[in-house]
Structures are given as C-alpha cells and as structure tokens.
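In my numbering, the protein residues as written are 14 to 250.
Backbone N, C-alpha and C define an ideal beta-carbon position, used for all residues, glycine too.
Note sheet for the following structure.
So this is what it looks like as structure tokens:
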C-alpha cells in the first residue's frame, strides 16, 4: 500500500494545485519514485489511497498504467475523509488481503549504495518474530529527518522507540512490512500507526533494518530543492 492521501500542507505552495504525491523531485513525481522502487523489488499490485486532488492523482496513475508500468494500481478512495496512516491501511484491508503487506509513504527519496533497500527489508522479515519490520536509516545518512532520531536497534534487530530527552541514532524512512492484524482492531475513522508500533515494540514485535544508502525526506519546498541538489551531484534515485 502506498499512502498518498495527505493534504501536503507543509509542501505549499507546491501543493496548491496538486497532491503532494505529484510534486516532482528530479523530474519525477514523488509517487513514481516509490512505485518504481516497489516494482523493482517485485511488487505486482499497489493499493494507493487518494483524498486531496484525488481526481488528478487517479489520472496520473491511470496514465502510468497505460504505459504498461508496474505495479498494477488499485485505488482506495478516501475522498470523504482522510484517515491518516493507520486508518488508511485499515480502510484498504479488503483490497489488501490477508498476507503481510508493504506500506510506503511517498515523501522519501533515496540513493542506494549497493543492494536494494526494499529487498533488505524483505530479507529481514520474519513473521514468527515480528509483526512490523521498519526500513531505517542513520541520522548521519539522511537529510530532512529528525536530527534527534526516532529509534534504537537492538542486536537482535528489535526496535526501541526513544523516550523524551533521548537522542536516537536511527530514523524511520517511510517503508515497512506489517501483518494486516496490526491495524484490523484499530478504531473506526482516522488514526495513526505510531501508537500501535510503540505498543508492539514494548513486546519486541517491531524490528527494523538500516540498509546502506542516503535517505532524503521531502516534506517541504526547501527539502525538494535540497534533494534535487543532492541528486544532481550523486546521480538519480
């Protein structure tokens, strides 16, 4: 599932006439950066939720499919109400099936150093030991994320979220694998994944992996410019 229903408030004025998913970085829409990564890793179908400028996003995705580009797109319609990260995934469960799913934001662009970052998360996934597996990056290998980090990673790969006052070495970069049950019991309407993750992490059911590369969080116009400058120096994402 690709989460693309946000209002993109911090991205204005670039989102005055389009959803954040269609803001371009290096000549490519943010959602295409993510869909191309998933397709390269073998993802055959992507459920995309839509809300803000939904018609325009659907038209873009239809044009992408008309070109024969993978993955196949299925729309999860949130036009009446944007449901946040957890609510969006729960709303789409009838489209996603019962197997573990990828969930990806559209505001991360990265440059890989070596192998596929998506493949690295897939290799780390072990449903017997975890309910969620997060793609992480070092704060020193990322741009535009929290300087104080999000999480610590134990020797067994289990994630611990920082508490107030701590500085953590790793940030979540917007891609994870989870079991559908993680959101199935969530409330009706909008809700965030983060409180669920924190509860599961206390039971050592959230793991993570930090592939080698450079991650860029593209959340506002300044971050777009910074990401494009870095891509111009180091090559395409």
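Please list, in chain order, all residues of the same chain as residue i whose beta carbon is under 7 Å from its beta carbon, the five residues on each side excluded.
i           : result
residue 31  : 66, 69
residue 204 : 97, 99, 100
residue 126 : 225, 226
residue 160 : 152
Using only CA atoms, which one of the options lies nearest to residue i?
i           : options            : result
residue 112 : 24, 240, 190, 15   : 190
residue 27  : 72, 233, 94        : 233
residue 217 : 188, 146, 40       : 146
residue 25  : 84, 222, 237       : 237
residue 202 : 167, 209, 93       : 93
residue 231 : 103, 114, 76, 158  : 158
residue 47  : 160, 174, 207, 116 : 116
residue 49  : 89, 20, 76, 82     : 82
residue 57  : 85, 80, 153        : 85
Could you give the C-beta distance for residue i and residue j, rounded to a whole number, given that I count them as a contact under 8 Å?
i           : j           : result
residue 59  : residue 51  : 6 Å
residue 17  : residue 61  : 5 Å
residue 64  : residue 91  : 4 Å
residue 180 : residue 168 : Not quite, the Cβ-Cβ distance comes to about 20 Å (not below 8 Å), so this is no contact.
residue 124 : residue 247 : 6 Å
If you drop the 5 nearest sequence neighbours on each side, which residues of the same chain put their C-beta closer than 8 Å to that of residue i?
i           : result
residue 54  : 129, 131, 132, 135
residue 44  : 15, 17, 34, 35, 61, 70, 73, 74, 119
residue 209 : 99, 195, 196, 199
residue 2   : This structure cannot settle anything about residue 2, because the visible part of the chain is limited to 14 through 250.
With DSSP as the reference, label residue i as helix, strand or coil.
i           : result
residue 109 : helix
residue 220 : strand
residue 211 : helix
residue 206 : coil
Checking 8 Å against the spacing of the C-beta atoms, do residue i and residue j come in under that value?
i           : j           : result
residue 229 : residue 87  : no
residue 165 : residue 149 : no
residue 239 : residue 156 : yes
residue 141 : residue 220 : no
residue 139 : residue 192 : no
residue 244 : residue 39  : yes
Ignore the nearest five residues each way along the sequence and tell me which others in residue i's own chain have a CB closer than 6 Å to its CB.
i           : result
residue 118 : 16, 187
residue 206 : 98, 99
residue 211 : 174
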